[in-house]
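Enquirer:
Numbering (this note's numbering), first residue to last: 204 to 760.
1) Buried or exposed: residue 671, going by 16 or more other Cβ atoms within 10 Å of its Cβ?
2) Please go through the same chain and pick out, in chain order, the residues whose beta-carbon is closer than 8 Å to the beta-carbon of residue 206, but skip the five residues on each side of it.
3) Using 9 Å as the threshold, is the C-beta distance between residue 653 and residue 668 below it?
4) Residues bridged to residue 352 by DSSP?
5) Among the residues of its own chain, which have a CB less than 8 Å from the CB of residue 614, if the five just before and after it don't count?
6) Looking at C-alpha atoms only, which residue of 302, 591, 648 is the closest neighbour of residue 634?
7) For residue 317, I'd like the list of residues in its chain whose CB is within less than 6 Å of its CB, leaving aside the five on either flank, ordered along the chain.
8) Short check: CB of residue 313 to CB of residue 323, under 9 Å?
9) Pull up the distance between the alpha-carbon of residue 446 and that of residue 460, whole angstroms please.
10) Once the 5 residues before and after residue 674 are set aside, which same chain residues still bring their CB inside 7 Å of it?
11) Could you tell me which of 663, 717, 711, 662 sits nearest to residue 680, measuring between CA atoms?
12) Do residue 475 and residue 506 have their C-beta atoms within less than 9 Å of each other?
13) In the DSSP assignment, find the unbroken beta strand (DSSP E) run with residue 505 in it and report its ends.
14) Output needed for residue 275: all residues of its chain with C-beta closer than 7 Å, excluding positions within five of it in sequence on either side, in chain order.
15) Measuring straight from C-alpha to C-alpha, what distance separates residue 702 and residue 439?
16) Classify residue 330 as buried or exposed, calling it buried when 16 or more other Cβ atoms lie within 10 Å of its own Cβ.
17) Which residue comes first and which comes last in the alpha helix (DSSP H) that contains residue 305?
18) Shortest alpha-carbon distance to residue 517 belongs to which of 568, 491, 510?
19) Kindly indicate which three-state DSSP category residue 759 falls into: helix, strand or coil?
20) Give the straight-line distance between the Cα atoms of residue 698 and residue 508, rounded to the nearest whole angstrom.
21) How long is the line joining the alpha carbons of residue 368 and residue 252, rounded to whole angstroms?
22) So, is residue 372 buried or exposed, given that buried needs 16 or more other C-beta atoms within 10 angstroms?
23) At which residue ranges does the segment 592-634 contain complete alpha helix (DSSP H) runs of 4 or more residues, listed in the order of the chain?
24) Whose C-alpha, out of 471, 443, 451, 494, is nearest the C-alpha of residue 512?
25) Cβ of residue 263 within 9 Å of Cβ of residue 370?
26) Return the CA-CA distance between residue 354 and residue 333, expressed in angstroms with no decimal places.
27) Given this structure, state the Cα-to-Cα distance separating residue 350 from residue 269, to the nearest angstrom.
28) Classify residue 482: buried if its beta carbon has 16 or more other beta carbons within 10 angstroms, exposed otherwise.
29) Thinking C-alpha only, which one of 286, 228, 737, 567 is nearest residue 406?
30) Taking all protein chains shown into account, do 16 or more other C-beta atoms lie within 10 angstroms of the C-beta of residue 693, making it buried, or fewer, making it exposed?
Here you go:
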C-alpha cells in the first residue's frame, strides 16, 4: 500500500511576504476609504434631495397662492369636483408634476384634490400654521402617502388669509433619484478603488525590490541583530547619508573619535573639525586602510559607499600597535647598538690583553682611561643638563645608537631642562620621534651630525633638533605633518607618516606648535614649543622657613 500524504490544513491569516502584506493592507485601506467616502456622500445627498423636494413644493404652493382668481373663486363658488378652483389646481399640478395641489378654506375644507371624491372633506393634516400666515416645509404622511410638502397661506386682495394652499411632491420620486445616483457613485468609487489598488501594487513592487522580499518579522530580527552587532563590536562604525551627514555612530566610534550622539545630523567637518580624519570620513581622501590621527589615537579607516548614495566608514584603533612598533624599532636599534658594542668591547679587550702580555702597563692604563672617559663624558654631559631621568636615559641611548650608525648626537651648549616636567612621557615621545627622523635623514651622509637643544623658558619647554641631512623643501614643510604622508618606505610591521603628526598634535594639546625650517649649517631644524610643560619651581627654603636639611636631591646637586 502506498502511504497517503497527510492532509494539509488550511491556514488563514496575513501572508508572510512583505509584498503581499503591504498590497493587502493598502487595498484594504483604499477599499475602506472608497466605502467611507461613498457613505459620507450618500448621507447628505438624501438630505439634500429632501430639501430640494420640499423647496420645490413650497415654490409651487407660493406660485398657486399668488393667483388672484383662485382667491376670488374660493369666495364666490362652492367646493365641487367641477368647480373653477379644482380645475385651476389640476392644471397647475399637471404643469408642475406635483403629486397634488390642494386648496382649502379657513375651515380646513378641501376645494381641490387629485381624488375628486375627497373635495368638500376636511384635510388629514393640521393646517393651523398655514392658516396663521406662516409658510411650512416638511416631510409628512397624508392620504396619498409620504410626500415632501409645502404649505402657504392664501390671501385675498386685501391681504386677509382666507385659506391655504398645500402642494406635495411624491417621496418615491425623491428616493428614486437617490437610488438612481447610487450606480454613478459606485462607479466613481470603483474607479477610485481601482486606481488605489494599482497604486498599492506599484508601491508594493517598489517595497518588494527595496526590502528584497523580506517579511516584517525578518526585518525586525535584522534590526535587532544590527543594533547588537554595531554596539557590541570593538570597531568604530560611522554611517553617512547621501548629503554627507552623520546618521549613525556606534559606541566604539564615539569613543575613538571623542564625540557623542550630538554629532548625528552634522557633517564630519562640523563634528570633528578640519583634518585628515574628517577628510577620510567625507570621502575626500580615498584608499584602503587609511591611517589617521584623532586626538592621541592612531586610527585605520576604511570607507565603503552604499547604494543610496551614502557611505559606511569603519575605524580600528592602532594606537597601541603603533606604539609597540615604535618600541620594537627602538629595541632593534638598541640591540644593534649592543651587538656593535659587544664587538667593539671584544676588540678593546683583545687590545688590552695584548698590551698586558707585552708588559706595556702604562699604555694599557692610558687606553682604559680613554675608553671609560669617553663614555662617562657623554653620560655626565647629558645628566648635568637634562635633569629628567627619562629624557636623559633616552638621549644617552640615542647617542649610542647614533654612534653605531656612523652619526654624532650631541646636546647644544644652551640645553638646560630641570626635573619639573608635567608630562615626561609625552616629551619623550616628541624627542624620540624627532631624533629618529633626524638619524634617518643623515644616514649615509658624510660628517653626519644631529644636535638636540632642550631648554626651559619659565614654564615653557622649547625643543630643537637639527641635522646635517638634505633638509625639507619649503613646499613639503606642512605636508610632513599630515597623517600617512612620508617619503620613506614603511617597515613591514607598521606604516610611516605617524610620528610627526603625533608630535604636532601633542604640541597643540599643550597649547604650542611644531614647525620645521632650515638649519643654519644646512639640513632641517625641527622646533617644538610646549607652553605649560613645566611646573612652577619650588620657593627657596629661606623664604618658606623650612630647614636647610629638607632640601631635596635636586637642590643638593
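All residues carry an ideal CB built from backbone N, CA and C; glycine is no exception.
Note that the structure is a prediction, hence the values are computed from the model and not measured.
Expert: Based on what the coordinates show:
1) buried
2) Because residue 206 sits at a pLDDT of 48, beneath the cut-off of 50, its placement in the model cannot be relied upon, and the following sentence gives the value as read from the coordinates. For residue 206, where only same-chain residues beyond five positions count, there are no Cβ hits under 8 Å.
3) yes
4) Beta-bridge pairing links residue 352 to 341, 371.
5) 584, 585, 588, 589, 598, 654, 655, 656, 657
6) 591
7) Within the same chain, residue 317 has close Cβ partners 303.
8) Taking the C-beta atoms as reference points, residue 323 is found nearer than 9 Å to residue 313.
9) 21 Å
10) 721, 725, 726, 727
11) 717
12) No, the Cβ-Cβ distance between residue 475 and residue 506 is not below 9 Å.
13) 500-508
14) Here the set comprises nothing.
15) 23 Å
16) buried
17) Per DSSP, residue 305 belongs to no alpha helix (DSSP H); it is in the beta strand (DSSP E), 303-308.
18) It is 491.
19) With a pLDDT of 36 at residue 759, under the threshold of 50, the predicted position of this residue should be treated as unreliable, and no value is reported.
20) Bear in mind that the predicted position of residue 698 carries a pLDDT of just 49, short of 50, making it unreliable; the figure below should be weighed with that in mind. Straight-line Cα distance between these residues: approximately 25 Å.
21) 22 Å
22) buried
23) Counting only runs of 4 or more residues that sit fully inside the segment 592-634, the alpha helix (DSSP H) segments are 592-607, in chain order.
24) 443
25) yes
26) 6 Å
27) Each residue's alpha carbon lies about 23 Å from the other.
28) buried
29) 228
30) Below a pLDDT of 50, predicted positions are generally treated as unreliable, and residue 693, at 49, falls in that range; the measurement from the model is reported next regardless. Its Cβ having fewer than 16 others within 10 Å, residue 693 is exposed.
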